[in-house]
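Add 22 to the 1-based position in the sequence shown for the working numbering, that's all there is to it.
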Amino acid sequence: MTEQAKIKRPEPLQAVKGMNDILPADSVRWEWFEAKVRALMARYGYANVRTPIVEPTALFVRGLGEVTDIVEKEMYSFEDAMNGDKLTLRPEATAGIVRAMIEHNTLYNGPLRVWSHVALFRHERPQKGRYRQFHQIDVEALGLAGPDVDAEQILMCRALLRDLGLADTDLRLELNSLGQPAERRAHRAALIGHFEAHAEVLDDDAKRRLHSNPLRILDSKNPLMQPVVEAAPELMDFLGPESLAHLNAVRAALDAVGLSYRINPRLVRGMDYYNLTVFEWVTDRLGLPLTVCGGGRYDDLFEQLGGKPTRAVGWGMGIERMLLLLEECGIQVPQNSPDVFAVVPSAAAMAAAVATCEALRSAGLSVLMHAAGGESWGSMKTQFKRADASGARFALVFGDDELARGEVTLKALRDAGVAQRCLPLAETARWATELRTA
Ligand code: ATP
Ligand code: MG
Numbered sequence: 023m024t025e026q027a028k029i030k031r032p033e034p035l036q037a038v039k040g041m042n043d044i045l046p047a048d049s050v051r052w053e054w055f056e057a058k059v060r061a062l063m064a065r066y067g068y069a070n071v072r073t074p075i076v077e078p079t080a081l082f083v084r085g086l087g088e089v090t091d092i093v094e095k096e097m098y099s100f101e102d103a104m105n106g107d108k109l110t111l112r113p114e115a116t117a118g119i120v121r122a123m124i125e126h127n128t129l130y131n132g133p134l135r136v137w138s139h140v141a142l143f144r145h146e147r148p149q150k151g152r153y154r155q156f157h158q159i160d161v162e163a164l165g166l167a168g169p170d171v172d173a174e175q176i177l178m179c180r181a182l183l184r185d186l187g188l189a190d191t192d193l194r195l196e197l198n199s200l201g202q203p204a205e206r207r208a209h210r211a212a213l214i215g216h217f218e219a220h221a222e223v224l225d226d227d228a229k230r231r232l233h234s235n236p237l238r239i240l241d242s243k244n245p246l247m248q249p250v251v252e253a254a255p256e257l258m259d260f261l262g263p264e265s266l267a268h269l270n271a272v273r274a275a276l277d278a279v280g281l282s283y284r285i286n287p288r289l290v291r292g293m294d295y296y297n298l299t300v301f302e303w304v305t306d307r308l309g310l311p312l313t314v315c316g317g318g319r320y321d322d323l324f325e326q327l328g329g330k331p332t333r334a335v336g337w338g339m340g341i342e343r344m345l346l347l348l349e350e351c352g353i354q355v356p357q358n359s360p361d362v363f364a365v366v367p368s369a370a371a372m373a374a375a376v377a378t379c380e381a382l383r384s385a386g387l388s389v390l391m392h393a394a395g396g397e398s399w400g401s402m403k404t405q406f407k408r409a410d411a412s413g414a415r416f417a418l419v420f421g422d423d424e425l426a427r428g429e430v431t432l433k434a435l436r437d438a439g440v441a442q443r444c445l446p447l448a449e450t451a452r453w454a455t456e457l458r459t460a
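Given below as structure tokens:
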């Protein structure tokens, strides 16, 4: 046995459970989706913001509420080994954005519409559409109080779904109002009474939350508790005239554009910061009903986090779930194929091929060059196979004979009607432009 054969290769490492790699074959879909999102944000006048992945743990405890699934059991929290600071990988986007706006006084000059593409972390049980690292498009309108902007946010979502090629029937909109704090307090007392009367069916989570945050019980996914949850008093019946007027104004705007929705009085969201309008876009096309996008108004969060009173509304769309849905609906995504694949039969042609490929790229073409070197150069057959697999429209062959005449051979790989021909290297810029527009 040789020395080398005796060295044992270490076990390869694996990604953390519930955290996915986005490989080149998948990233085409991601980039296509992201381009649609960027175009949408430009149309609606939303500016991009990027805040850190790591935030002080206190931000989420204060912002989302101590008695929520996320804060109680889903956060990746740790101590900074250098200074003992308590830190958390962000489990949601809004709190960090609000923190940044307060810290930099970004709203000094009036309201702001922002969006962000975020990686989020929640220690959940991984399953289809539920991961421990996942991604969201997050959209926030800050410093705006009216129902008009609530409607704008909902409609942006519909516009994006349409831009992505989904039919209006692939998702449905659910809408509710969580009213104002005083209305929720009255409802809360009624809820506690109701659940106390059915204490025997409450699970441990629900019992623990009964007095601290009974609204959370309505968000329970425990099927055994559903009958009691269904029979619980509805917040809608506790709303005063102002909250109802806000809801009705949102409805009027949605009706005006012909967007249908269902009022779902059971709809509560996973964070405590919401008030008035809340909404979710739900799909039935992935087996169980699955929420793809959720949002609502959070008029008190700025103050809770130490800022000036600032009304705000926002939503988050789960990108992985969105991509699953697009796939399920058979929506095709254009592939990123190069324009040209350079076939280089021998090492002698390498320098000329590199120079020509650079000139083509300067002219705006996308070019993939056969780059073998090392032990074997790669036969013409192999190179043409790769050219074909790359999806390129053209192969450019840098054969010795052609190069000796100052030419290369152009072969169409996709368009059957285009004949093979020789092109002069001295006029690369001219035919590069022709190929680009061909
Ligand atoms: P769910 O009720 O499904 O747990 P949620 O109410 O916790 O969702 P939000 O915090 O409102 O979700 O986030 C908005 C969107 O982000 C969801 O509608 C979903 O598309 C996506 N999302 C939430 N949690 C996950 C996760 N663990 N993995 C993948 N996507 C997620
Ligand atoms: Mg959740």
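The C-beta atom is built at its ideal place from N, Cα and C for all residues, glycine as well.
Next on the checklist: Contact defined as beta carbons within less than 8 Å: I believe F82 pairs with A117. What is the distance between those atoms, to the nearest angstrom?
Outcome noted: Counting from one through the sequence shown, the residue named residue 82 turns up at place 60. Counting from one through the sequence shown, the residue named residue 117 turns up at place 95. With a Cβ gap of about 6 Å, F82 and A117 count as contacting.
Item to check | Other residues of its chain near E53: CB distance less than 8 Å, five sequence neighbours each side excluded | outcome: Against the sequence shown, residue 53 aligns to sequence position 31. Closer than 8 Å at Cβ, skipping near neighbours: N358.
Next on the checklist: Nearer than 7 Å: is that true of the beta carbon of E205 relative to any heavy atom of the ligand ATP?
Outcome noted: As a working note, residue 205 is residue 183 in the sequence shown. Every heavy atom of the ligand ATP is 7 Å or more from the Cβ of E205, so no.
Checklist entry - Does the beta-carbon distance from D185 to K58 come in below 8 Å? => result The sequence position of residue 185 within the sequence shown is 163, counting from 1. The sequence position of residue 58 within the sequence shown is 36, counting from 1. Cβ distance < 8 Å, so D185 and K58 count as in contact.
Checklist entry - L240 and V251 look like a contact to me (Cβ under 8 Å); what is the Cβ gap, rounded to whole Å? => result Position 218 of the sequence shown, counted from the first residue, corresponds to residue 240. Position 229 of the sequence shown, counted from the first residue, corresponds to residue 251. With 8 Å as the limit, L240 and V251 qualify as a contact, their Cβ atoms being about 6 Å apart.
Checklist entry - Under three-state DSSP, which class holds V50? => result What you label residue 50 is simply residue 28 of the sequence shown in a count that begins at 1. The answer is helix: DSSP assigns V50 an H, G or I state.
Next on the checklist: Taking its Cβ as the centre, do 16 or more other Cβ atoms sit within 10 Å of H233, making it buried, or is it exposed?
Outcome noted: Sequence index remark: in the sequence shown, residue 233 carries index 211 (1-based). By the neighbour-count rule (16 or more Cβ atoms within 10 Å), H233 is not buried but exposed.
Next on the checklist: Under DSSP, the beta strand (DSSP E) around N297 begins and ends at which residues?
Outcome noted: Within the sequence shown, the letter at position 275 stands for residue 297. Here the beta strand (DSSP E) through N297 covers N297 to T305.
Checklist entry - Comparing alpha-carbon positions, which option in D422, F363 and F416 lies nearest A438? => result Against the sequence shown, residue 438 aligns to sequence position 416. The residue with the shortest Cα to Cα distance from A438 is F416.
Item to check | Segments of 3+ residues assigned as beta strand (DSSP E) that fall wholly inside the stretch 248-329 | outcome: 297-305 and 312-319
Item to check | Continuous alpha helix (DSSP H) stretch holding L134: start and end | outcome: For the purposes of this step, residue 134 is identified with residue 112 of the sequence shown, where counting begins at 1. First-last for L134: L134 to F143, but that is the beta strand (DSSP E), not the alpha helix (DSSP H).
Next on the checklist: According to DSSP, simplified to helix, strand and coil, what is H216?
Outcome noted: Translated into positions along the sequence shown, residue 216 becomes position 194. Three-state DSSP puts H216 in a helix.
Next on the checklist: Let's test the definition: count the other Cβ atoms within 10 Å of the Cβ of P163 and tell me whether it reaches 16, buried, or not, exposed.
Outcome noted: Position 141 of the sequence shown, counted from the first residue, corresponds to residue 163. It should be pointed out that residue 163 corresponds to Ala in this sequence rather than to Pro. A163 comes out buried.
Item to check | Own chain residues within Cβ distance below 7 Å of R231, not counting five before or after | outcome: Taking the first residue of the sequence shown as position 1, residue 231 is located at position 209. Only V89, R238 and I239 meet the Cβ criterion.
Next on the checklist: Quick check: what's the CA-CA separation for A434 versus S138?
Outcome noted: Along the sequence shown, read from residue 1 onward, the residue named residue 434 stands at position 412. Along the sequence shown, read from residue 1 onward, the residue named residue 138 stands at position 116. The alpha-carbon atoms of A434 and S138 are separated by roughly 42 Å.
Checklist entry - Looking only at DSSP bridge pairs, what is R194 linked to? => result Taking the first residue of the sequence shown as 1, we reach residue 194 at position 172. DSSP lists V304 as partners of R194.
Item to check | Any non-hydrogen atom of the ligand ATP within 7 Å of Q158 CB | outcome: For this step, residue 158 is matched to residue 136 along the sequence shown. Yes; taking the cut-off as 7 Å, the Cβ of Q158 has a heavy atom of the ligand ATP nearer than that.
Next on the checklist: Rounded to whole angstroms, what is the Cα-Cα separation between V376 and F301?
Outcome noted: For the purposes of this step, residue 376 is identified with residue 354 of the sequence shown, where counting begins at 1. For the purposes of this step, residue 301 is identified with residue 279 of the sequence shown, where counting begins at 1. Each residue's Cα considered, the two are about 55 Å apart.
Checklist entry - Taking the Cβ atom as the reference point for each residue, do G151 and E350 lie within a distance shorter than 8 Å? => result Indexing the sequence shown from 1 puts residue 151 at position 129. Indexing the sequence shown from 1 puts residue 350 at position 328. No, they are not a contact pair.
Next on the checklist: Is the separation between the beta-carbon of M402 and that of P367 shorter than 8 Å?
Outcome noted: Working through the sequence shown from its first residue, we reach residue 402 at position 380. Working through the sequence shown from its first residue, we reach residue 367 at position 345. Cβ distance < 8 Å, so M402 and P367 count as in contact.
Checklist entry - Is there contact between the stretch 296-315 and the stretch 102-110, where contact requires at least three CB pairs shorter than 8 Å? => result no
Next on the checklist: Does F100 pass the burial test, meaning 16 or more other C-beta atoms within 10 Å, or should it be called exposed?
Outcome noted: Taking the sequence shown and counting its residues from 1, the one referred to as residue 100 is at position 78. Counting Cβ neighbours within 10 Å, F100 comes out exposed, since fewer than 16 surround it.
Checklist entry - L308 and L346 look like a contact to me (Cβ under 8 Å); what is the Cβ gap, rounded to whole Å? => result Locating residue 308 in the sequence shown gives position 286, counting from the first residue. Locating residue 346 in the sequence shown gives position 324, counting from the first residue. That pair is a contact at about 6 Å.
Item to check | Supposed contact pair D322 and Y295 - C-beta distance, whole angstroms, cut 8 Å | outcome: For the purposes of this step, residue 295 is taken as the residue at position 273 of the sequence shown. For the purposes of this step, residue 322 is taken as the residue at position 300 of the sequence shown. Yes, they are in contact, since the Cβ atoms of Y295 and D322 sit about 7 Å apart, within 8 Å.
Next on the checklist: Per the DSSP calculation, V362 is bridged to which residue(s)?
Outcome noted: Taking the first residue of the sequence shown as 1, we reach residue 362 at position 340. Answer is V389 and F416, bridged to V362.
Next on the checklist: Out of R291, P46 and W303, which one is the CA nearest neighbour of Y320?
Outcome noted: Counted from its first residue, the sequence shown places residue 320 at position 298. Comparing Cα positions, the closest option is R291.
Item to check | Candidates G85, M391, H126 and V93, of which the one nearest L418 by Cα | outcome: Numbered from 1 along the sequence shown, position 396 holds the residue referred to as residue 418. Comparing Cα positions, the closest option is M391.
Item to check | Residue range of the beta strand (DSSP E) that includes S384 | outcome: Here residue 384 refers to the residue found at position 362 when the sequence shown is read from its first residue. Counting along the chain, S384 falls outside any beta strand (DSSP E), though it belongs to the alpha helix (DSSP H) covering M372 to S384.
Checklist entry - With C-beta atoms as the reference, is N270 less than 8 Å away from L197? => result Your numbering for residue 270 matches position 248 in the sequence shown. Your numbering for residue 197 matches position 175 in the sequence shown. Contact: no.
Next on the checklist: Using DSSP's beta-bridge definition, name the partner residues of R152.
Outcome noted: Indexing the sequence shown from 1 puts residue 152 at position 130. Paired residues: Q149.
Next on the checklist: Give me the residue from T79, F55, M123 and R154 with the minimum Cα distance to V38.
Outcome noted: Looking up residue 38 in the sequence shown gives position 16. Of the candidates T79, F55, M123 and R154, the one whose C-alpha sits nearest the C-alpha of V38 is R154.
Next on the checklist: Following a CB-centred definition, is G292 positioned closer than 7 Å to any heavy atom of the ligand MG?
Outcome noted: Taking the first residue of the sequence shown as position 1, residue 292 is located at position 270. Result yes, Cβ under 7 Å from the ligand MG.
Checklist entry - Does the beta-carbon distance from E205 to F156 come in below 8 Å? => result For the purposes of this step, residue 205 is taken as residue 183 along the sequence shown, with counting starting at 1. For the purposes of this step, residue 156 is taken as residue 134 along the sequence shown, with counting starting at 1. No, these two residues do not count as a Cβ contact at 8 Å.
Checklist entry - For M344, which of F55, R207, G40 and R408 has the nearest alpha-carbon? => result Counting from 1 along the sequence shown, the entry for residue 344 is found at position 322. Here the closest residue by C-alpha is F55.
Checklist entry - What does DSSP give as the partner residues of N70 in its beta bridges? => result Position 48 of the sequence shown holds residue 70. W137, per the DSSP bridge assignment.
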